[in-house]
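Asks: Each residue of the sequence shown is one higher than the last, beginning at 1 in UniProt numbering. No residue lacks a Cβ here, since even glycine has one placed at the ideal position from N, Cα and C. Got a structure for you, written out below as structure tokens; questions coming shortly.
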Amino acid sequence: MQTKPRDVQVFSVGAETLAIRSRSWNRLRFEIEYALERGTTANSFLIQADKNALIDPPGGTFTEIYLDELKRRIHLKSIDYVVLGHVNPNRIETIKALLESNDRIQFVCTNPGAIALRNALTDCEPQIKVVRGEEVLDLGKGHTLQFIPTSTPRYPDSLCTYDTKTQILYTDKLFGAHICGDQVFDEGWSSFLEDRRYYFDCLMANQTRQVEAALDKIADFPASFYAPGHGPMLRYGLHELVNLYRQWSEVQTKQNISVTLLYASAYGNTATLANALAAGIIKAGVAVESINCEHATPSEIKVAVEKSAGFLIGSPTLGGHVPTQVQTALGIVLATATKSYLAGVFGSYGWSGEAVDIIANKLQDAGYTLAFDPIRIKFTPTQETLRFCEETGTDFAQALKDSKKVRTTLNPGSTVEQAIGRIVGPLSVVTVAKGDLSTAMLASWISQATFNPPGLTVAVAKERAIESFMHEGDRFVVNILEQGKQVRKQFMKKYAPGEDRFVDVAHETASNGAPILKDALAYLECRVDQRMECGDHWLVYGVIENGKVMQPNGLAAVHYRKSGSHY
1 MQTKPRDVQV
11 FSVGAETLAI
21 RSRSWNRLRF
31 EIEYALERGT
41 TANSFLIQAD
51 KNALIDPPGG
61 TFTEIYLDEL
71 KRRIHLKSID
81 YVVLGHVNPN
91 RIETIKALLE
101 SNDRIQFVCT
111 NPGAIALRNA
121 LTDCEPQIKV
131 VRGEEVLDLG
141 KGHTLQFIPT
151 STPRYPDSLC
161 TYDTKTQILY
171 TDKLFGAHIC
181 GDQVFDEGWS
191 SFLEDRRYYF
201 DCLMANQTRQ
211 VEAALDKIAD
221 FPASFYAPGH
231 GPMLRYGLHE
241 LVNLYRQWSE
251 VQTKQNISVT
261 LLYASAYGNT
271 ATLANALAAG
281 IIKAGVAVES
291 INCEHATPSE
301 IKVAVEKSAG
311 FLIGSPTLGG
321 HVPTQVQTAL
331 GIVLATATKS
341 YLAGVFGSYG
351 WSGEAVDIIA
361 NKLQDAGYTL
371 AFDPIRIKFT
381 PTQETLRFCE
391 ETGTDFAQAL
401 KDSKKVRTTL
411 NPGSTVEQAI
421 GRIVGPLSVV
431 TVAKGDLSTA
441 MLASWISQAT
451 FNPPGLTVAV
461 AKERAIESFM
471 HEGDRFVVNI
481 LEQGKQVRKQ
491 FMKKYAPGED
501 RFVDVAHETA
511 SNGAPILKDA
521 LAYLECRVDQ
531 RMECGDHWLV
541 YGVIENGKVM
551 QPNGLAAVHY
561 RKSGSHY
């Protein structure tokens, strides 16, 4: 696939205020929140008043083109402040480049951000202004910055910034979306909802308690628009999206089963694994409370573990040992969680991975059951690794639900359940492929939906691995199975996370990249046009772009059910 060059878009968004948007139309990173592969925009902002402030410089991917564009607008030595909505290793390269041009820059961040910044800049002593929420920064010309700490487990140093003159609220990670395009503001805001919901599910749904607290804090600021770190600015759909954030958070808090996810992360890699595991658990209808052990109190950990039905512990390996914060959390778990809790262990490492084994052994010695083999990843996770973690999280959630005997809302044996079971559809295998990843599912909830254009609907359970491959614009193939053939047996079994679904199955590649099963009765190549959330399923509408009958004299296999409470 040919890649487009990265570039920078500059746009005036208020008095003396420029948005400097570093753009890439291609996927930059392997974190799960980038998985829709719609590129990204890293939004930075320059306020040029009596004092000049730069808000949220981008990560190292954009350092060179960003600084080149910045130099066209301002002399780097005239920058007085750099406000950091969060500090992570990816952003350090740009920060170092700014310091090389101007060592008098004063960084504005929270105390956790200051600690991270000093740890990353060991060869110098940066000037830092630590803010806790009461401070203001007068830039002159009416621009007074107010600061709102919005700490979350993933971003304990998170900081929102409000400019009293322009009434712009800079929200950093809140309300973002990984989309690349020319649109600066959210005209036609509803068209971005799928991307914003996906971003929320990946980054926010496992820390809704902190997200709701952040929403309460920023509600007091009368904003003309919100300026997130990624994607279009929020002006037209601002109030709707804030309300949706609250609704999506409420869905998580009302789940009957929850998991406590404890971790520490030296370089961000273990946190990335934690995010992927959490995404898989949430897909299966189980709530997650993520806790960063480096910034949590023992009482917070204890309360979370007490109200959960299972737990995961993630740790890096530092000098062959488990970090002190994780050791403390492990001690609380051993003293608090009953032996019936399901457990899991994961972690990343550079030279050795002893921490994962140490934790796993202690849990097993104490009588806990590990729901999956410990996950141990060297250096940076790959796209395949994150897909494996997401599927592992889903399996973990399903095991919890099975242990708690979570049932459908239908009454077993009721006439309604029996009647629903009489709804039939063609038995099919839906296949997808994206890059080096592919997967499939056996499906019977498929129906033609439109004549013009020709289209169909597929109901996809939220916990299915294939769900992540069926967003707007994605391609898939519906392989309609033939009556009497045994192809379905290959896809009825339970697969391990990351297991190849197509081993020993004769298949070829469709023009849209997805597998075609050679023994199918017919196939249809489709493009996802819309998705609708329906209870525990997504209803996916696909426009049919190509297809063929491969067995002209065959009959479609049909799935007959006696019960409407299961497949």
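Let me check understanding here. Comparing Cα to Cα, which of T166, S299, V540 and D7 lies closest to S447?
Replies: That would be V540, whose Cα lies nearest to the Cα of S447.
Asks: Applying the criterion that 16 or more other CB atoms from any shown protein chain within 10 Å of the CB defines a buried residue, is S438 buried or exposed?
Replies: Result: buried.
Asks: Using the beta-carbon count (16 or more within 10 Å), is E499 buried or exposed?
Replies: Label assigned to E499: exposed.
Asks: Helix, strand or coil for G367, going by three-state DSSP, please let me know.
Replies: It is coil, neither helix nor strand.
Asks: Would you say the stretch 39-57 touches the stretch 279-295, given that touching needs at least three Cβ pairs under 8 angstroms?
Replies: Contact fails: fewer than three Cβ-Cβ distances are below 8 angstroms.
Asks: I'd like the span of the alpha helix (DSSP H) that includes K217, first residue to last.
Replies: Counting along the chain, the alpha helix (DSSP H) containing K217 begins and ends at T208 to I218.
Asks: Can you name, in chain order, every residue of its own chain whose Cβ lies under 6 angstroms from the Cβ of K302, other than the five neighbours on each side?
Replies: Closer than 6 angstroms at Cβ, skipping near neighbours: I332 and T336.
Asks: By the 10 Å Cβ neighbour count, where 16 or more other Cβ atoms means buried, how is M233 classified, buried or exposed?
Replies: It is buried - the Cβ of M233 has at least 16 other Cβ atoms within 10 Å.
Asks: Are the beta-carbon atoms belonging to E294 and Q325 less than 8 angstroms from one another?
Replies: Yes, the pair counts as a contact, with Cβ atoms nearer than the cut-off.
Asks: Skipping 5 residues on each side, what residues in its chain have a beta carbon closer than 7 angstroms to that of Y560?
Replies: Correct list, in chain order: V424.
Asks: Suppose you measure from the CA of G513 to the CA of G535; what does that come to, to the nearest Å?
Replies: Computed Cα separation, rounded: 30 angstroms.
Asks: Let me check understanding here. Comparing Cα to Cα, which of T164, P156 and E135 lies closest to D172?
Replies: Nearest C-alpha to D172: P156.
Asks: Does the separation of the CB atoms of L84 and G113 fall below 8 angstroms?
Replies: Closer than 8 angstroms, so yes.
Asks: What did DSSP end up calling E533 once you bin it into helix, strand or coil?
Replies: Strand at E533.
Asks: My output table needs one value for S249: the three-state DSSP class, helix, strand or coil.
Replies: Helix.
Asks: If you reduce the DSSP assignment to three classes, tell me which class I466 lands in.
Replies: Helix at I466.
Asks: When you compare only the Cα positions, how much space is there between K404 and K339?
Replies: Looking at the two C-alpha atoms, the distance is approximately 15 angstroms.
Asks: Considering only residues of the stretch 116-194, which uninterrupted beta strand (DSSP E) runs meet the minimum length of 3 residues and lie entirely inside it, listed in chain order?
Replies: With a minimum length of 3 residues, the continuous beta strand (DSSP E) runs that stay inside the stretch 116-194 are 127-130, 136-140, 143-149, 159-163 and 168-172.
Asks: Applying the criterion that 16 or more other CB atoms from any shown protein chain within 10 Å of the CB defines a buried residue, is T297 buried or exposed?
Replies: With fewer than 16 Cβ atoms within 10 Å of its Cβ, T297 is classed as exposed.
Asks: Would you call the stretch 43-58 and the stretch 225-243 touching, i.e. three or more CB-CB distances under 8 angstroms?
Replies: Touching, yes.
Asks: As a quick exercise: from D402, S565 and E472, pick the residue whose alpha carbon is nearest that of T415.
Replies: Comparing Cα-Cα distances from T415 to each of D402, S565 and E472, the minimum goes to S565.
Asks: Do the CB positions of V543 and A522 come within less than 8 angstroms of each other?
Replies: No, these two residues do not count as a Cβ contact at 8 angstroms.
Asks: When DSSP labels each residue in this structure, what does F502 get in the three-state scheme?
Replies: F502: coil per DSSP, three-state reduction.
Asks: DSSP on R561, reduced to helix/strand/coil?
Replies: If DSSP states are grouped into helix, strand and coil, R561 belongs with coil.
Asks: With 16 as the cutoff for other CB atoms within 10 Å, does T382 come out buried or exposed?
Replies: The residue in question, T382, is exposed, as its Cβ has fewer than 16 Cβ neighbours within 10 Å.
Asks: Tell me the start and end of each unbroken alpha helix (DSSP H) in the stretch 316-388 that is at least 4 residues and wholly inside, in chain order.
Replies: Qualifying alpha helix (DSSP H) stretches, in chain order: 324-336 and 354-365.
Asks: Give the straight-line distance between the Cα atoms of F221 and F175, rounded to the nearest whole angstrom.
Replies: Cα-Cα distance, rounded: 16 angstroms.
Asks: Would you mind working out which of L524, R527, D504 and A557 sits nearest Q483, comparing C-alpha positions?
Replies: Of the listed residues, the one whose Cα sits closest to Q483 is A557.
Asks: Would DSSP call residue 570 helix, strand or coil?
Replies: The requested residue 570 is not part of the displayed model; the chain covers only 1 to 567.
Asks: Alpha carbon to alpha carbon, how far is T122 from N90?
Replies: If I take the Cα positions, the gap works out to 16 angstroms.
Asks: Would you mind sorting V131 into buried or exposed? The rule is 16 or more other CB atoms within 10 Å of its CB.
Replies: Buried, since its Cβ has 16 or more Cβ neighbours within 10 Å.
Asks: Which residues mark the beginning and the end of the beta strand (DSSP E) in which P228 is found?
Replies: Segment F225 to P228, the beta strand (DSSP E) holding P228.
Asks: Whole angstroms are fine: how far does the CA of A177 sit from the CA of Y198?
Replies: Near 8 angstroms, if we compare the C-alpha coordinates of A177 and Y198.
Asks: DSSP on E545, reduced to helix/strand/coil?
Replies: Here E545 sits in strand by DSSP.
Asks: Taking a contact to mean a Cβ-Cβ separation below 8 angstroms, would you say V211 touches Y245 in this structure?
Replies: Closer than 8 angstroms, so yes.
Asks: Enumerate in chain order the residues of its own chain whose CB-to-CB distance from A397 is below 6 angstroms, with the five nearest sequence positions on each side excluded.
Replies: Only I281, A284 and V286 meet the Cβ criterion.
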